[in-house]
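Have a look at the structure below before the remarks.
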Amino acid sequence: MARQIDFSTLTGITQAQAAEKLKNDGYNELPASQKRQIWNIIWDVLKEPMFLLLVACGMIYLQLGDLEEALLLLGFVVVIMGITIVQERKAERALEALRDLSSPRALVVRDGKPQRISGREVVVDDIIVLCEGDRVPADAMVISCVNFSVDESLLTGESVPVRKATCCDTSIAVARPGGDDLPFVYSGTLVVQGQGAARVIAIGAQTEMGKIGKALKSVEPEATKIQKETGKLVRNLAIIGGICCVAVVIAYGITRGNWLNGFLAGITLAMAMLPEEFPVVLTIFLALGAWRISMHRVLTRQVPALETLGSATVLCVDKTGTLTENRMTIAKLFVENEFLDLAQEPTSSALPEKFHELVEFGILASQKVPFDPMEKALRLLGAHCLAKTEHLHDDWHLVQEYPLSKKLLALSHVWQSSDGTEYVIAAKGAPEAIADLCHLPPEESERVLATTADMAQKGLRVLGVAKAYFKQMPLPFEQHDFIFNYIGLIGLHDPVRASVPNAVQECYSAGIRVVMITGDYPKTAQTIADRVGLQPKDQVLTGPEIEQMSDAELQARIKTVNIFARMVPEQKLRLVNALKANGEIVAMTGDGVNDAPALKSANIGIAMGGRGTDVARESAHLVLLDDDFSSIVQAMKMGRRIFDNLQKAMSYILAVHVPIAGMSLIPVLLKWPLALMPVHVVFLELVIDPACSTVFEAEAAEPNIMKRPPRNPQEPLFGFSNMLMSLLQGLSVLLVVLGVFYLGLYRGFVESDVRTITFTTLVV
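Read in order, the letters of the sequence shown correspond to residues 1 to 764 in our numbering.
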């Protein structure tokens with residue numbers, strides 16, 4: 001059945017009314033967790049091992065009667081709390097910015113015009129337009145719909161979609177979710193079929209979802225591979241530090257007889273060996289990394305994607321709207337062996353009569369209020385050329401729609417004429433599908449396909465158009481049961497985005513293979529591939545060919561093919577799985593409901609934010625806010641930069657702890673005076689923390705970052721070579737500092753002066 005909502009009958013509220021309601025009622029948000037208060041952060045600091053060690057040191061100093069040192073350590077506690085609060089707020093602000101960006105979008109009618117807004121800005125009495133694949137942003141009463149079904153399993157637990165009916169009686173009581181033919185839709189549920197318009201009756205906590213407590217309580221990033229790796233390293237070093245601490249206390253107490261100083265030396269060593277900066281720096285890097293990527297119009301929905309971005313070996317992209325501008329214009333018409341070139345803007349006088357029927361039935365095979373760029377182009381041409389003729393039929397009633405299917409790449413609309421005497425059927429789709437629909441003789445089909453190939457070689461997307469007539473109900477079950485007559489071909493032009501050729505070359509330089517997937521004719525796909533620099537352009541694999549292949553055959557063929565034409569969304573999942581079976585790390589773009597399985601299966605699923613459905617966005621790891629291919633490449637570059645800088649920061653932390661721990665341990669073992677006291681270690685921690693979380697995070701990308709192959713996803717953050725280099729760097733510093741300390745003692749300097757010189761050397 002048809003999916004059709006006529007915006008002209010909807011007015012909605014005004015922008016001024018919406019602003020007033022927003023001011024009075026607040027945002028359309030479910031109860032979420034409160035921001036972390038300062039005392040919560042302070043309590044978390046109090047539970048940290050470093051804080052407990054500081055308290056223990058302070059108590060020892062008080063026991064020794066050294067009030068000045070005790071107060072100094074307590075002062076450091078205040079400073080540490082201040083730094084922690086600043087870091088927590090920095091990460092929280094980044095996550096808040098991401099939450100605002102990831103708010104579900106809603107199509108509302110205000111001042112009589114449809115417009116996209118954030119779901120949180122929907123207010124009571126807004127008119128929302130819901131299409132297949134949309135997530136309902138608020139509880140609402142359906143005021144117009146056709147063949148409208150919603151999945152309410154989130155609220156009811158029942159997986160079977162329920163039908164919705166129209167109701168304009170505002171006094172009717174709101175029903176509970178579940179059950180067919182009710183005129184209500186509920187926040188958080190999913191439109192699975194058709195299209196509808198509804199008036200909002202409840203937002204936020206007043207919705208059914210709010211009432212039953214299905215609210216998000218917090219936004220907690222999941223534990224990533226790197227987080228697990230660093231957590232394991234911190235735990236192991238803490239255990240080693242604890243053992244060394246006990247050993248130093250015992251050794252100091254036995255050999256020198258001063259157990260308090262022994263405890264002081266042991267605690268100092270434990271503080272020196274505890275790399276508490278690791279989890280802090282990691283959290284800051286991931287949060288700010290996701291925020292930085294969002295500045296390149298790419299929203300990170302799942303933090304693990306940041307780890308995988310730098311590992312991608314294959315980037316699968318849609319042609320339309322990603323490589324091209326998704327701004328279709330009618331370039332050529334073909335009827336009865338005659339071309340009409342519409343390179344310039346047409347006027348009614350520029351369109352001969354014989355081409356009127358082609359445009360007329362092309363429009364009839366489109367939505368009345370189109371979203372698809374091709375259908376918009378047809379409507380625009382009709383407004384220019386057919387407005388003063390009898391070929392526009394806005395008064396006709398759409399009876400049924402035969403949708404595009406995997407078996408037949410064509411769709412048909414059945415219209416009832418204004419006098420009601422007959423049904424008119426308009427079909428459009430792939431030229432070969434239209435030829436099949438019209439049952440053309442082989443020689444005529446060959447001529448149609450030859451003309452299609454000629455138009456496709458010029459980079460045009462080609463649609464065939466056909467017509468049929470039917471006298472009485474019931475209508476046939478399939479499109480093939482109508483007797484169609486072939487009308488002609490329509491060639492559409494979609495310009496390549498200016499930034500794409502350079503971005504494709506950047507991918508090749510970075511060792512990333514680019515794969516184009518399109519529903520277009522193979523020749524059109526090859527022409528676009530040539531324009532963007534895709535290689536090799538002479539090999540194409542089509543959806544029907546893939547259907548005939550076994551998994552093993554497909555895996556073998558796709559090793560060299562990068563252009564896939566005449567593809568339907570369901571075939572993307574098989575392509576992704578075949579690439580992964582070949583050992584590729586796959587990044588995949590998609591926008592439709594049927595793309596969701598492929599996006600979820602890909603190592604990095606990238607949903608289109610501009611034209612994508614909510615289902616696609618929820619299945620993806622990243623959301624491309626501007627649908628631009630170059631933004632994906634920038635995100636990959638940022639992903640590599642984040643990992644590089646994180647590796648630098650972690651290597652620095654590991655290296656700098658070597659001399660700190662060494663200068664805490666070696667003097668004890670050699671029965672020298674203590675080189676570092678707790679206050680010195682705490683001061684060094686205050687230097688290390690901000691240095692890592694600000695300097696390294698803001699470090700510019702390496703010049704060769706996109707001129708090297710993708711990172712092996714199995715490569716650990718602390719590989720053997722990285723760890724060895726960090727330890728060697730740390731040992732070199734330790735030797736210098738140890739030499740300064742020994743030289744000072746050897747020359748007979750006062751112990752406090754030697755300690756000062758040593759500490760200054762270590763800081764430098």
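Heads up, the beta-carbon is just placed ideally off N, CA and C, and yes, glycines get one too. Treat the numbers as computed from the prediction; the structure is a model and nothing was measured.
Inspect the beta-carbon positions of G194 and M608 and report whether they are closer than 8 Å.
Here residue 194 is taken as the residue at index 194 of the sequence shown, counted from 1. Here residue 608 is taken as the residue at index 608 of the sequence shown, counted from 1. No, they are not a contact pair.
Reference H480; option with closest CA among K467, A661, G488
For the purposes of this step, residue 480 is identified with residue 480 of the sequence shown, where counting begins at 1. Answer by Cα proximity: K467.
Going by DSSP in three states, V448 sits in which element: helix, strand or coil?
Indexing the sequence shown from 1 puts residue 448 at position 448. In this structure, V448 counts as helix in the three-state DSSP scheme.
Tell me whether F484 is buried or exposed, calling it buried when 16 or more other Cβ atoms sit within 10 Å of its Cβ.
As a position in the sequence shown, residue 484 is number 484, starting the count at 1. By the neighbour-count rule (16 or more Cβ atoms within 10 Å), F484 is buried.
C-beta atoms of R199 and I293 nearer than 8 Å
On the sequence shown, position 199 is the one that residue 199 refers to. On the sequence shown, position 293 is the one that residue 293 refers to. No, the Cβ-Cβ distance between R199 and I293 is not below 8 Å.
Taking C-alpha atoms, which residue in I284, Y486, M706, V174 lies nearest to A510?
Numbered from its first residue, the sequence shown carries residue 510 at position 510. For the options I284, Y486, M706, V174, the alpha carbon positioned closest to that of A510 is the one of M706.
Where does V764 land, buried or exposed, given buried means 16+ other C-beta within 10 angstroms?
On the sequence shown, position 764 is the one that residue 764 refers to. When all chains shown are included, V764 counts as exposed.
Here's a check: name, in chain order, each residue in its chain whose Cβ is nearer than 6 Å to the Cβ of A602, leaving out the five neighbours to either side.
As a first step, residue 602 is located in the sequence shown; it is residue number 602 there, counting from the start. Within the same chain, A602 has close Cβ partners V576, V586, M588.
Report the start-end ranges of each beta strand (DSSP E) in the region 320-347 that is 3 residues or longer and not cut off at the edges.
329-335, 338-341
Residue of I642, A202, A552 minimising C-alpha distance to A701
Mapped onto the sequence shown, residue 701 falls at position 701. Relative to A701, the option among I642, A202, A552 whose CA is nearest is I642.
According to DSSP, which residues form a beta bridge with Y27?
Residue 27 sits at position 27 when you count from the first residue of the sequence shown. In the DSSP output, where bridge partners are listed per residue, Y27 has none listed.
DSSP state of K21 mapped onto helix, strand, coil:
Locating residue 21 in the sequence shown gives position 21, where the first residue counts as 1. Note: K21 maps to helix in three-state DSSP.
In chain order, what residues of the same chain have a beta carbon less than 7 Å from the beta carbon of V633, not counting five sequence neighbours either side?
In the sequence shown, residue 633 corresponds to position 633, counting from 1. A distance below 7 Å between beta-carbons, with the five flanking residues on each side excluded, links V633 to the following residues of its chain, in chain order: A503, E506, C507.
Let me know if Y486 comes out buried or exposed under the rule of 16 or more other beta-carbons within 10 Å of its beta-carbon.
For this step, residue 486 is matched to residue 486 along the sequence shown. Buried, since its Cβ has 16 or more Cβ neighbours within 10 Å.
How should T11 be labelled, buried or exposed, when 16 other C-beta atoms within 10 angstroms of its C-beta is the threshold for buried?
Along the sequence shown, read from residue 1 onward, the residue named residue 11 stands at position 11. Exposed.
Any idea what DSSP makes of S149, helix, strand or coil?
By one-based count along the sequence shown, residue 149 stands at place 149. If DSSP states are grouped into helix, strand and coil, S149 belongs with the strands.
Can you tell me the Cβ-Cβ gap for H413 and L380, rounded? I've got them flagged as a contact below 8 Å.
Against the sequence shown, residue 413 aligns to sequence position 413. Against the sequence shown, residue 380 aligns to sequence position 380. Rounded, the Cβ-Cβ distance is 19 Å, inconsistent with contact.
Should the region 728-740 be called in touch with the region 247-256, which here means at least 3 C-beta pairs below 8 Å?
no
What residues are listed by DSSP as bridge partners for A427?
Within the sequence shown, numbered from 1, the residue matching residue 427 stands at position 427. A427 is bridged to S412, A466.
Name the DSSP bridge partner or partners of P114?
On the sequence shown, residue 114 is found 114 positions in, with the first residue counted as 1. The partner list for P114 (beta bridge, DSSP) reads V109.
Same chain, Cβ closer than 6 Å to A661, five either side skipped, listed in chain order
Reading the sequence shown from its first residue, position 661 is the one you call residue 661. Closer than 6 Å at the Cβ level, and outside the excluded window around A661, lie A272, M273.
Our contact map puts A598 next to G590 with C-beta atoms below 8 Å; I'd like the distance itself, whole angstroms only.
What you label residue 598 is simply residue 598 of the sequence shown in a count that begins at 1. What you label residue 590 is simply residue 590 of the sequence shown in a count that begins at 1. The C-beta separation of A598 from G590 comes to about 6 Å, placing the pair in contact by the 8 Å criterion.
Label M328 either buried or exposed according to how many other C-beta atoms from any shown protein chain fall within 10 Å of its C-beta, with 16 as the threshold for buried.
Translated into the one-based positions of the sequence shown, residue 328 becomes position 328. Flag for M328 reads buried.
Rounded to a whole number of angstroms, what is the C-alpha to C-alpha distance between I757 and E229?
Within the sequence shown, the letter at position 757 stands for residue 757. Within the sequence shown, the letter at position 229 stands for residue 229. Approximately 37 Å, taken between the alpha carbons.
Can you check DSSP and say which residues form a bridge with S294?
Position 294 of the sequence shown, counted from the first residue, corresponds to residue 294. Per DSSP, none; premise fails for S294.
Is the distance from the Cβ of A529 to the Cβ of I563 below 8 Å?
Position 529 of the sequence shown, counting from 1, holds the residue named residue 529. Position 563 of the sequence shown, counting from 1, holds the residue named residue 563. Going by C-beta atoms, A529 is nearer than 8 Å to I563.
Figure out for me which residue from K523, M723, V465 has the closest Cα to the Cα of M455.
Here residue 455 is taken as the residue at index 455 of the sequence shown, counted from 1. Checking every option, the nearest Cα to that of M455 belongs to K523.
Can you tell me the Cβ-Cβ gap for D139 and E208, rounded? I've got them flagged as a contact below 8 Å.
Looking up residue 139 in the sequence shown gives position 139. Looking up residue 208 in the sequence shown gives position 208. Correct: roughly 6 Å between the Cβ atoms.
E345: buried (16+ other C-beta within 10 angstroms of its C-beta) or exposed?
On the sequence shown, position 345 is the one that residue 345 refers to. Low confidence applies to E345: its pLDDT is 48, below 50, so where it sits in the model is not reliable enough to give any reading.
Would you check if there are 3 or more beta carbon pairs closer than 8 Å linking the region 459-474 to the region 417-437?
yes
Nearest by alpha-carbon distance to E29: which of L260, V248, Q206 is it?
Locating residue 29 in the sequence shown gives position 29, counting from the first residue. The option with the nearest alpha carbon to E29 is Q206.
Is the Cβ-Cβ distance between T313 and I512 less than 8 Å?
Numbered from its first residue, the sequence shown carries residue 313 at position 313. Numbered from its first residue, the sequence shown carries residue 512 at position 512. In terms of Cβ geometry, T313 and I512 form a close pair [threshold 8 Å].
I'd like the span of the beta strand (DSSP E) that includes N722, first residue to last.
What you label residue 722 is simply residue 722 of the sequence shown in a count that begins at 1. Premise fails: N722 lies in the alpha helix (DSSP H), 720-746, not in any beta strand (DSSP E).
Among M636, E478, G605, which one has its Cα closest to the Cα of K623?
Position 623 of the sequence shown, counted from the start, is the residue given in the question as residue 623. Sequence inspection shows Val at residue 623; the Lys mentioned does not correspond to that position. Of the candidates M636, E478, G605, the residue whose Cα lies closest to the Cα of V623 is G605.
Proximity below 8 Å, CB of V335 to CB of K354:
For the purposes of this step, residue 335 is taken as residue 335 along the sequence shown, with counting starting at 1. For the purposes of this step, residue 354 is taken as residue 354 along the sequence shown, with counting starting at 1. For V335 and K354, yes; Cβs fall inside 8 Å.
Any idea what DSSP makes of T268, helix, strand or coil?
As a first step, residue 268 must be located in the sequence shown, where it is residue number 268. In the three-state scheme derived from DSSP, where H, G and I count as helix and E and B as strand, T268 is classed as helix.
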